[in-house]
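Q: Just passing along the structure, written as structure tokens.
Protein chains: 4
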Amino acid sequence: MIKRIGILTSGGDSQGMNAAISGVVKTAIAKGLEVYAVKDGYLGLVNDWIEPVDVNFADSIINRGGTVLGTARLPEFKEVAVRQKAVANLNAKGIEALVVIGGDGSYQGAQRLTEMGINCVALPGTIDNDITSTDYTIGFDTAINIVVEALDRIRDTIQSHNRCAIVEVMGHSCGDIALYAGIAAGADIISINEAALTEEEIAAKVKEMHDKNKRSVIVVVSELIYPDLKKLARLVETTSGYVTREAVLAHIQRGGTPTAMERYRAFQMAKFAVEQILSGIGGIAVGNVGDAIVARPIMEALSIPRISRKDILADFTNLNDNIYKK
Amino acid sequence: MIKRIGILTSGGDSQGMNAAISGVVKTAIAKGLEVYAVKDGYLGLVNDWIEPVDVNFADSIINRGGTVLGTARLPEFKEVAVRQKAVANLNAKGIEALVVIGGDGSYQGAQRLTEMGINCVALPGTIDNDITSTDYTIGFDTAINIVVEALDRIRDTIQSHNRCAIVEVMGHSCGDIALYAGIAAGADIISINEAALTEEEIAAKVKEMHDKNKRSVIVVVSELIYPDLKKLARLVETTSGYVTREAVLAHIQRGGTPTAMERYRAFQMAKFAVEQILSGIGGIAVGNVGDAIVARPIMEALSIPRISRKDILADFTNLNDNIYKK
Amino acid sequence: MIKRIGILTSGGDSQGMNAAISGVVKTAIAKGLEVYAVKDGYLGLVNDWIEPVDVNFADSIINRGGTVLGTARLPEFKEVAVRQKAVANLNAKGIEALVVIGGDGSYQGAQRLTEMGINCVALPGTIDNDITSTDYTIGFDTAINIVVEALDRIRDTIQSHNRCAIVEVMGHSCGDIALYAGIAAGADIISINEAALTEEEIAAKVKEMHDKNKRSVIVVVSELIYPDLKKLARLVETTSGYVTREAVLAHIQRGGTPTAMERYRAFQMAKFAVEQILSGIGGIAVGNVGDAIVARPIMEALSIPRISRKDILADFTNLNDNIYKK
Amino acid sequence: MIKRIGILTSGGDSQGMNAAISGVVKTAIAKGLEVYAVKDGYLGLVNDWIEPVDVNFADSIINRGGTVLGTARLPEFKEVAVRQKAVANLNAKGIEALVVIGGDGSYQGAQRLTEMGINCVALPGTIDNDITSTDYTIGFDTAINIVVEALDRIRDTIQSHNRCAIVEVMGHSCGDIALYAGIAAGADIISINEAALTEEEIAAKVKEMHDKNKRSVIVVVSELIYPDLKKLARLVETTSGYVTREAVLAHIQRGGTPTAMERYRAFQMAKFAVEQILSGIGGIAVGNVGDAIVARPIMEALSIPRISRKDILADFTNLNDNIYKK
């Protein structure tokens, strides 16, 4: 029977990573395992930054943002020789399996290590919700709450001043942060990479709202669509008649205390991951479907196409267009 | 084609009700309907407290707790004569359908009204998560976040003082608030009506943790299990050796700004409800299954047995028992 | 005896303005006065956007961000003819005095109106804390809490990733937001207009921290110092060795639920203002000194020189320099 | 010159204690001192639970609630022999001075130790604001924010339901939490130990509000006034006509992330304390007067009479009485 497992976080940090770490440690200890924490992701695995942790550690981190283990980039982990060093370090300590929490970039490494004899189970840790093998990634729920809180605050000001605000949120190629937070906050216009509006379309829609005497307008856009947000704001201001301000929410979206559901799901995924490892299973990606926790092979998980949210966005846009149409 | 719809909230208030109201109003207006708000639930329906609302109203309430429409109890609504008065009021204003947001007590009224010619669509509004036709009720996500925040604060204090805290949360016959919030907050012991621990069992478990030098212990219990929480605290204190304090979270759990996911789901359910009404459908209960919005006949919805969370709780309890077993 | 007073908000919105409005309305009603709300500041005064409000209104706004009365710019208010129109509107309604909540730009208008027979009392409403006749402006306490929360979140991420973050906060010519929030959040370097560091100085300080293996560095800077924050971030990155990210907190700082002390002080200032009006006093600026509420003539208030916080900043900078000096 | 100082927290925990600890550690290290943390207050001093800490420790705790050092009761510290053990432990480690953070019960110990050759500087750490040598204690600002947030949530519910709520808050013999939070939250009736209303007076006032059709009423009371809150709620319900609920906020008031001003002031007090120690001064109590940090001899500090807030409360009560008088 397996005696020792390791845990690491990789890729961009996200809220709930610590809750997942806590769940792994507590479950493993309850099952009689020893748990080792790896600092700074795959980099720490290669550099042997690996230390045992206990249940007090698990208890002390559950509500903290970011990852207490640290994370780092290590492109060289694609090379066999580098990974062999990691495996040697693990073997030397008697660590037979790993839980890896990170974005889908981290999943490849977990698959490779599994093939080299270290059973790895991957948990989806990223705010972007861009991992297709789970309904929600660990971090997404907290990130959209932070964005909604920011949008609520911004609306206080633009409603006071009769203005328009254009707010850029994170999400790379996945518009879920903009879509969910925008709808939740009562945004008026949303533009995401999967279905981006042109700058002129945004300006025209804002103008229609101004023509109907709307007091304030919030436009939520994903990052990487509009190269110059100030320029977009000027266009909207000129076209619509609203004084228009832009805001980039940036890195406040990735830290902070994780939400209840984030921590609940992180715990359940973590527990599931340890149970799989105890069953001798590796090379799988864990996720949720509604309230259930599920898993599938990592390579299969990575090949699942994204469910398009274009329909949800189109419905939302039609709705607002119809409210303010002439 | 239908021209006018009404909206009311009924039963205990919950966060996200206003987001649902907002979603109903915006969707209806976008579809060309006029919307009337009913004050104080079925009581206002009978007393003709019914007024038109517009999109500015919808925009102004999305992030507010409670229900701006008010809610009230009206047991007499079970009587036909009383409901006939409601129907007459609606007919007089040309209101042909209603969205009813409330607990399952409110669903019965919605079904009766549908049978009397007013198509009603019911949305699940309660913090208790005790409506079986939806994964999550509107209010639950916010309530567990409030409880987790309170538990985090309480842990700060008991961890500073080397103590035990017993915290009672809402949930009547449904232990989901205690279960989800307790797991999310890293509680050590959870007791819910579906699988209640005896007072002696709680005391014994706390003692085991004290024997293992645990710095602090949090016990989360649902309301209506232990008649005298102070007495339970004294038993735990005497048995375990921890100074032990009790806290009843009470009504702070039902108010406050709704979370992002609360508002997102409330909006999607509201939109779905209006679309059903426009298709001429009534007598249905709307809910979510994962990320999807679904509906079924109200009477069918009310007869769905509860999914037992006993397994989830048993797993959690085993895990903690094993960590602190001698 | 005076019978009717008006209230307006002017200049940039800030949290706590609504609590002040609420306090004015409640105090005035308790004293037997009628209260009129003016929409959109001096603009509404001139355009006769003036309506009576009651105690329910006062109760419903106390915890909301921004100003429910709206605010607008009206440079023309400097002209006598424009102000005469305002006075005529007030006279027509029998409104004999005004409470004006706003930045010191608004104070001039209040003084002019007083000279024209409308007794005005000014309350300091701005997040910038740049009004010298008060210890703290209404909005400042909430703004620094928002900034500290954002800095806490950003630290979660940069601590996870071993990075540096440069965060720009509001404050125009007054560095108090950067200074108080920076110290409260445990920032490592602070630069404000009153004592701005050069870009090279910042880079050199960050490098010293990197040389001492500090895991993360937070630099807080006031707006309007560094014309290109991205360029500063690149310089810091190149010089120090940290991956470095910049963030502009922008308009999230001005909205949101006001803090307890914000609302407490706003209420006490509002109550004091109404009492002064009842004593027949106008042309004064209200403020706090510690826990006491005080007032002085507006023109005197506007001429008070700013207390320099350079000493506080210098002490802070010395402290951090000494910790990380070679 | 002094080389080593210690730090401990004593009495009830409060938010901001960790920020004060952080400030002591950073200032001391910047000044070239070594810093030792004492676990669990005077108990740890006697038991020699004393360990060195560094700047990473200081950085990691600034935003955490409670006290990471722990706190405990030790009535025996009044005995000379017990204190001699503490002094011996300090001498053995070369620790020449102490910063003590706690309530005024802790101040006596600090004075005694100073007399025995260990220069002690006391910081006011308690949520109750009952230390007269400071405007605000460390913890008070955060506590009133938590109470206001709870009152906001409770108002959402009672406003939805047309009810009255009676909310008990902490504060022992000092009513400041009830007074400041009650006024900030727009409470309708406040009762504190310094000027307690009888149960009948409360019921009569609530009835007047009900008679004027007020939708909801919030009554805030300090702990230790009404022996049976349920009984008071029943009296209010019977007398007034409102359905009436009681809530005891209990221990959620003492934990949680400290506010910006809490952390700012805690830092400035901590820095001042270390500077005094470096000047060879002991036996003093540090506090704030407005924005300034001050100190005076501990024995003098303990003898300052409390500023009565009765006037502030009387003004508030008159105001509400007048609004709802017949």
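Protein chains in written order, with UniProt numbering: chain X, 1 to 326; chain F, 1 to 326; chain G, 1 to 326; chain V, 1 to 326.
Built from N, CA and C at the ideal position, the CB exists for glycine as well.
All values reported here derive from a predicted model rather than from experimental measurement.
Once DSSP output is grouped into helix, strand and coil, what is the label at V:Asn-47?
A: helix
Q: Can you tell me the Cα-Cα spacing of X:Lys-31 and X:Met-269, whole angstroms?
A: Their Cα atoms are separated by approximately 16 Å.
Q: Closer than 7 Å between beta carbons: that is the criterion. Which residues of the region 251-267 of chain G meet it against chain V?
A: Correct list: Thr-259, Ala-260, Met-261, Arg-263, Tyr-264, Phe-267.
Q: Using only CA atoms, which one of G:Ile-189, G:Leu-235, G:Val-220 lies nearest to G:Glu-199?
A: Of G:Ile-189, G:Leu-235, G:Val-220, the residue nearest in Cα terms is G:Leu-235.
Q: Taking all protein chains shown into account, do 16 or more other C-beta atoms lie within 10 angstroms of the C-beta of V:Ser-308, making it buried, or fewer, making it exposed?
A: exposed
Q: Which full runs of the beta strand (DSSP E) of 3+ residues lie inside the region 208-246 of chain F, going along the chain?
A: 217-222
Q: Is it the case that the Cβ atoms of F:Ile-166 and F:Ala-250 are separated by a distance below 8 Å?
A: no
Q: Just grab the DSSP bridge partners of X:Val-87 for me.
A: Paired residues: none, contrary to the question.
Q: Quick one: grab the DSSP three-state call for X:Arg-309.
A: Three-state result, X:Arg-309: coil.
Q: Strictly below 7 Å CB to CB, what residues from chain V border F:Ala-165?
A: In chain order: His-251.
Q: Return the chain-ordered list of same chain residues with a C-beta closer than 8 Å to the C-beta of G:Glu-51, the five sequence neighbours on each side being excluded.
A: Tyr-36, Ala-37, Lys-39
Q: Could you check whether G:Cys-174 and G:Asp-130 sit closer than 8 Å to each other, using their CB atoms as the reference points?
A: yes
Q: So, is G:Val-80 buried or exposed, given that buried needs 16 or more other C-beta atoms within 10 angstroms?
A: Looking at its Cβ environment, which holds fewer than 16 other Cβ atoms inside 10 Å, G:Val-80 is exposed.
Q: Note down, in chain order, each residue of its chain lying with its Cβ closer than 7 Å to the Cβ of F:Ala-72, except the 5 sequence neighbours on either side.
A: Answer for F:Ala-72: Asp-40, Gly-41, Leu-43, listed in chain order.
Q: Consult DSSP for V:Arg-73 and reduce its assignment to one of helix, strand or coil.
A: coil
Q: Nearest to F:Gly-186 by CA position, among X:Ala-260, X:Gly-6, X:Gly-105, X:Leu-313, is which residue?
A: X:Ala-260
Q: By how many angstroms is the C-alpha of F:Ala-273 removed from the C-alpha of F:Thr-137?
A: 15 Å
Q: Cα-Cα, which of X:Gly-287, X:Val-217, X:Ala-122 is closest to X:Gln-159?
A: X:Val-217
Q: Below 8 Å between beta carbons: does that hold for V:Arg-263 and V:Gly-16?
A: yes
Q: What residues from the region 122-156 of chain F come within 8 Å of chain V, judged by C-beta to C-beta, listed N to C?
A: Across the region 122-156 of chain F, CB contacts with chain V closer than 8 Å involve Ile-146, Glu-149, Ala-150, Asp-152, Arg-153, Ile-154, Arg-155, Asp-156, in sequence order along the chain.
Q: Taking only the alpha-carbon atoms, compute the straight-line gap between X:Gly-125 and X:Leu-179 and give it to the nearest angstrom.
A: Rounded to the nearest whole angstrom, the CA to CA distance from X:Gly-125 to X:Leu-179 is 19 Å.
Q: For G:Glu-79, does the three-state DSSP call read helix, strand or coil?
A: coil
Q: Compute the Euclidean distance between the alpha carbons of G:Leu-319 and G:Ile-312, then round it to the nearest angstrom.
A: 11 Å
Q: Looking at the unbroken alpha helix (DSSP H) that takes in residue 332 of chain G, where does it start and where does it end?
A: Nothing in the structure corresponds to residue 332 of chain G, since chain G is present only between 1 and 326.
Q: Beta carbons nearer than 9 Å to chain F: which residues of the region 25-44 of chain X have them?
A: Result list: Lys-26, Thr-27, Ile-29, Ala-30, Lys-31, Gly-32.
Q: At the 8 Å Cβ level, is X:Val-289 part of the contact set with chain F, yes or no?
A: yes
Q: Among F:Leu-123, F:Asn-145, F:Ile-146, which one has its Cα closest to the Cα of F:Asp-135?
A: F:Leu-123
Q: Do G:Ile-29 and G:Val-68 have their C-beta atoms closer together than 8 Å?
A: no
Q: Rounding to the nearest angstrom, what Cα-Cα distance links V:Val-169 and V:Val-248 in this structure?
A: Their Cα atoms are separated by approximately 6 Å.
Q: Identify every residue that forms a DSSP beta bridge with G:Asn-288.
A: Looking at the DSSP output, G:Asn-288 bridges to G:Ile-293.
Q: What residues of chain X sit near F:Asn-162, judged by a beta carbon separation below 7 Å?
A: In chain order: nothing, as chain X lies at least about 13 Å away.
Q: Are X:Asn-162 and X:Arg-215 closer than 8 Å when you measure CB to CB?
A: Yes, the pair counts as a contact, with Cβ atoms nearer than the cut-off.
Q: What residue range does the alpha helix (DSSP H) around F:Gly-182 cover?
A: If you look at F:Gly-182, you'll find it in the alpha helix (DSSP H) that goes 176-184.
Q: Compare the C-beta of V:Ile-62 against all C-beta atoms of chain G and say whether one is closer than 8 Å.
A: For V:Ile-62, the answer is yes, since a Cβ of chain G falls inside 8 Å of its Cβ.
Q: Specify, as a first and last residue, the run of the beta strand (DSSP E) that V:Gly-102 falls within.
A: 97-102
Q: For V:Thr-67, which residues in chain F fall below 8 Å Cβ to Cβ?
A: Ser-160
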